[in-house]
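Have a look at the structure below, then the notes.
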Amino acid sequence: MNNLLKLSGLGLATVLVGCAAVYPFMQADPRADAQQLADWQMPSKLSALESEDQLKLLSRLTYPDTMPALKAVPDFSAIKDTDSRKKAFFDYLTPFIERENARIVKLRSQIEELEGKLQKQQQLTVEEYAFIYSLFDEFKIDMMDADLDGVRELLARVDVIPASLVLTQAAKESGWGSSRFAIEGYNFFGQWCFKSGCGVVPSKRGQGKYHEVAVFDHAGDSVNAYFYNLNTFYVYEELRAIRAKTRREHGHVVAEKLAAGLARYSERGQQYVEEITAMIIATRKMIGQS
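Note that my numbering has the sequence shown beginning at 92, numbered continuously upward.
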């Protein structure tokens with residue numbers, strides 16, 4: 092009996108070790124979770140991989156958190172108490188911001204693990220190479236190899252955006268959720284699009300301009316697009332450089348320091364940066380994050 096128990100225990104241990112070896116690739120069906128990825132987050136070369144590696148790659152790229160409940164934009168202007176109105180606005184958007192940052196933390200930890208392997212001159216697997224190149228596509232990094240330089244370039248882009256910065260910009264750009272574009276198109280960040288019919292034509296669009304204000308299906312899409320813009324668009328290279336510097340110096344990202352990289356977000360330039368910085372500091376206690 093004791094020998095049988097020992098054998099049973101050994102068998103269980105073997106199973107557990109085997110499970111640990113394939114974690115985090117133990118999702119029930121990563122293909123279902125991948126349906127929550129935006130088009131630009133889906134790996135373009137997925138079909139080139141063997142089926143097992145396809146599942147592993149999708150597991151690497153998917154969100155660790157499910158999409159929060161999708162609700163219509165509340166009538167924030169009906170909330171007369173200023174602090175209550177601000178809190179309601181923050182509460183509405185925060186789950187979507189946390190979800191985006193949770194995925195970035197998941198991606199970043201895997202990139203750092205691969206950076207460690209490359210530093211030790213260890214060979215990467217086909218699926219690990221596919222993961223790196225998928226992120227090159229998603230975060231718009233061209234002409235890089237899956238080597239230490241490429242991985243370190245990824246780390247400069249695949250990083251969190253503090254909730255306090257995101258919420259402050261959303262409040263500023265949407266009038267605390269009361270703007271026409273926020274109410275009708277879930278656009279909380281004043282984001283533009285440049286294809287006819289892609290959004291709403293602003294009433295004060297200047298002559299010769301052809302941009303429209305983007306329309307989204309729900310708040311999650313608006314937040315997702317905002318993260319995509321700041322982490323990929325060339326005009327925010329300074330913001331990403333500041334973020335990498337503050338991470339090296341402080342061990343984490345500091346919201347008001349990142350605000351200095353937003354001068355090109357608005358035509359008001361440095362005045363806009365100062366306004367956002369002041370708002371971050373003023374609302375820090377309410378948001379509860381740095």
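Virtual Cβ for every residue (Gly too), placed ideally from N, Cα, C.
query	result
Quick check on the DSSP output: the beta strand (DSSP E) that includes E303 runs from which residue to which?	303–305
If you compare alpha carbons, which of E141, A247, F167, R243 is closest to E329?	A247
So R355 packs on V326, CB below 8 Å; how close in whole Å?	4 Å
Bridge partners for W283 per DSSP, in chain order?	V304
Count the other CB atoms, across all protein chains shown, that sit within 10 Å of the CB of E340; report buried if there are 16 or more and exposed otherwise.	exposed
Taking only runs of the beta strand (DSSP E) that begin and end inside the segment 322–361, which ones reach a length of at least 3 residues, in chain order?	none
Just to confirm, are S269 and F181 a CB contact at a threshold of 8 Å?	no
Looking only at its own chain, which residues have a Cβ that is under 8 Å from the Cβ of M377, when we skip the five neighbours before and after it?	D174, K177, K178, F181
Residue ranges of each alpha helix (DSSP H) run of no fewer than 4 residues wholly in the segment 215–272, ordered along the chain?	217–229, 239–248, 254–265
List the whole-angstrom C-beta distance separating G241 from I223, where the pair is believed to meet the contact cut-off of C-beta under 8 Å.	7 Å
Report the option in K162, T323, E143 whose CA atom is closest to the CA atom of F230.	T323
Pull up the distance between the alpha-carbon of F318 and that of Q282, whole angstroms please.	11 Å
Are L184 and F307 close, meaning C-beta to C-beta below 8 Å?	no
Out of G311, C289, S200, G360, which has the shortest C-alpha to C-alpha gap to M158?	G311
What is the DSSP secondary structure of E141, reduced to helix, strand or coil?	coil
When you compare only the Cα positions, how much space is there between D130 and D228?	11 Å
Short of 7 Å in beta carbon distance, which residues of its chain neighbour V196, apart from the five on each side in sequence? Order them along the chain.	V251
Can the beta-carbon of S225 be found less than 8 Å from the beta-carbon of L148?	yes
Of the choices A254, Y363, A221, whose alpha-carbon is the least far from that of D238?	A221
Using the rule of at least 16 other Cβ atoms within 10 Å of the residue's Cβ for burial, across every protein chain shown, is V304 buried or exposed?	buried
Do I367 and Q260 have their C-beta atoms within less than 8 Å of each other?	yes
Rounded to whole angstroms, what is the Cα-Cα separation between L256 and D144?	37 Å
Using three-state DSSP, classify M370 as helix, strand or coil.	helix
Roughly how many angstroms lie between the CA atoms of S200 and E244, to the nearest whole one?	14 Å
With DSSP collapsed to three states, give me the class of M133.	coil
Given that a residue counts as buried once 16 or more other Cβ atoms are within 10 Å of its Cβ, and exposed if not, what is Q362?	exposed
In chain order, what residues of the same chain lie with their CB nearer than 7 Å to the CB of L321, ignoring the 5 residues before and after it?	I252, Y327, L330
A346: buried (16+ other C-beta within 10 angstroms of its C-beta) or exposed?	buried
Could you tell me how far apart the beta carbons of L128 and H309 are, in whole angstroms, since I believe they sit closer than 8 Å?	L128 to H309, Cβ: 15 Å. No contact.
I'd like the span of the alpha helix (DSSP H) that includes I188, first residue to last.	173–210
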